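Down below is the structure, laid out as structure tokens.
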């Protein structure tokens with residue numbers, strides 16, 4: 092847990108030296124800038140460990156938003172200052188003139204400030220619907236035109252609160268989907284604190300119901316309590332299980348595996364072989380919260396489509412490549428692996444740990460299935 096404080100503290104010290112001091116603010120302005128930057132450290136101090144995982148200390152919405160904006164600024168400015176200081180080093184090597192530190196820092200501050208406000212807005216706004224038409228080999232004619240809505244990485248919390256989740260639910264229901272899939276990361280926080288915020292998912296409506304799997308964040312906050320609560324909200328979790336959908340003479344299989352965090356915490360590990368046990372010869376749509384195992388999953392017979400999230404699309408330029416590398420080259424959008432298609436959603440909401448999206452919009456994904464001829 093110290094890393095949540097020590098790393099941002101080191102970044103703040105760096106930003107004070109590389110950003111604030113070169114601006115040559117009056118004493119009062121410098122003190123205010125230091126205090127505002129240091130308030131971003133509250134972000135790490137809000138998390139505390141409990142016997143059931145982690146708990147987030149509750150803040151009023153306005154205070155939580157302010158702390159998030161400052162923290163977002165710290166992250167954005169950090170990446171920009173690395174570029175500025177790289178230019179400074181090159182300047183000192185090849186130029187005899189004085190480096191314009193004041194103007195460089197003012198430029199970084201202005202761009203980082205504007206990017207922070209826009210990226211925070213993008214992270215919190217109601218996600219648009221993005222429609223994807225997908226042709227599936229072996230799909231029965233009775234499922235041609237079937238609409239599947241996917242919500243992933245909802246992360247219900249003090250920012251993505253009851254009202255925000257309700258708007259997502261209302262927009263999803265307006266699509267009149269035949270099936271709704273939620274491949275993990277429903278919530279951030281304890282059942283006591285966050286049940287009301289996640290509760291609108293009980294209003295989701297679809298002909299074939301609402302199916303889901305666990306993401307990594309379910310394991311961080313009272314896992315067993317959330318498994319009961321999510322079930323009470325009408326979501327059937329397919330953890331190494333499958334659901335056979337039947338329409339007329341056609342069959343479609345929805346399978347799911349739990350997140351690998353379960354194995355790390357001594358709980359159920361993902362087992363695709365078990366999830367596909369005793370299934371008929373029909374196309375399979377697989378829910379796996381992380382895209383990492385896609386190449387291994389593609390080796391299994393009949394898996395036509397894997398749906399994943401977890402990456403949040405990288406969240407911002409610079410971080411995009413770091414997140415992509417951490418997820419074995421998968422970041423967002425469509426991939427084709429042998430005969431299996433993989434779709435990595437950028438997520439339906441934001442994560443409270445970094446409530447930010449810059450040029451990385453969230454989405455409610457709508458898949459329209461088509462028979463591949």
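Residue numbers (this note's numbering): 92 to 464.
By construction, the Cβ of each residue, glycine as well, lies at the ideal position given by its N, Cα and C atoms.
It should be emphasised that the depicted structure is a prediction, and the values quoted were computed from it without experimental measurement.
### Task
Could you check which residue in 250, 154, 125 has the C-alpha nearest to that of residue 441?
As a working note, residue 441 is residue 350 in the chain shown. Here the closest residue by C-alpha is 250.
### Query
With distances taken from CA atoms, which of 307, 394, 320, 263 is nearest residue 295?
Working through the chain shown from its first residue, we reach residue 295 at position 204. Minimum Cα distance to residue 295 is reached at 263.
#### Entry: Anticipated Cβ contact below 8 angstroms, residue 341 with residue 458, distance rounded
On the chain shown, position 250 is the one that residue 341 refers to. On the chain shown, position 367 is the one that residue 458 refers to. With 8 angstroms as the limit, residue 341 and residue 458 do not qualify as a contact, their Cβ atoms being about 16 angstroms apart.
#### Entry: Distance between residue 322 and residue 397 (C-alpha atoms, nearest Å)
For the purposes of this step, residue 397 is identified with residue 306 of the chain shown, where counting begins at 1. For the purposes of this step, residue 322 is identified with residue 231 of the chain shown, where counting begins at 1. For residue 397 and residue 322, the distance between alpha carbons rounds to 23 angstroms.
### Query
In the DSSP assignment, what residue or residues form a beta bridge with residue 328?
Here residue 328 corresponds to residue number 237 of the chain shown, with the count starting at 1. DSSP output for residue 328 lists 303 as bridge partner(s).
### Message
What does the alpha-carbon distance come out to for the pair residue 327 and residue 379?
### Response
One-based indexing of the chain shown puts residue 327 at position 236. One-based indexing of the chain shown puts residue 379 at position 288. Spanning the two alpha carbons is a distance of roughly 15 angstroms.
### Query
Taking C-alpha atoms, which residue in 208, 172, 213, 209 lies nearest to residue 194?
The residue given as residue 194 occupies position 103 in the chain shown. If we check each option's Cα against that of residue 194, 172 comes out closest.
### Query
Can you pull the DSSP bridge partners for residue 432?
If you number the chain shown from 1, residue 432 lands on position 341. Paired residue(s): 396, 427.
### Query
With distances taken from CA atoms, which of 312, 125, 443, 293 is nearest residue 152?
Stepping through the chain shown from its first residue, residue 152 is reached at position 61. Nearest option by C-alpha distance: 443.
### Task
Name, in chain order, the residues that DSSP records as bridge partners for residue 223.
Taking the chain shown and counting its residues from 1, the one referred to as residue 223 is at position 132. Note: residue 223 sits in a beta bridge opposite 458.
### Query
Would the beta-carbon of residue 404 fall within 8 angstroms of that of residue 350?
On the chain shown, position 313 is the one that residue 404 refers to. On the chain shown, position 259 is the one that residue 350 refers to. No. Outside cutoff.
### Query
Which whole-angstrom value describes the C-beta separation of residue 332 and residue 347, a residue pair presumed to lie in contact below a C-beta threshold of 8 angstroms?
The residue labelled residue 332 in the question sits at position 241 within the chain shown. The residue labelled residue 347 in the question sits at position 256 within the chain shown. Sure, about 6 angstroms apart at Cβ, within 8 angstroms.
### Query
Quick one, are the C-beta atoms of residue 112 and residue 200 less than 8 angstroms apart?
Here residue 112 corresponds to residue number 21 of the chain shown, with the count starting at 1. Here residue 200 corresponds to residue number 109 of the chain shown, with the count starting at 1. No, Cβ-Cβ distance for residue 112 and residue 200 is not below 8 angstroms.
### Task
Determine the closest residue to residue 219 out of 311, 460, 455, 205, with distance taken between C-alpha atoms.
For the purposes of this step, residue 219 is taken as the residue at position 128 of the chain shown. Checking every option, the nearest Cα to that of residue 219 belongs to 455.
### Task
Taking residue 418 and residue 382 to be in contact with their CB atoms under 8 angstroms, please state how far apart those CB atoms are, rounded to whole angstroms.
For the purposes of this step, residue 418 is taken as the residue at position 327 of the chain shown. For the purposes of this step, residue 382 is taken as the residue at position 291 of the chain shown. Right, the Cβ-Cβ distance comes to about 6 angstroms (below 8 angstroms), so this counts as a contact.
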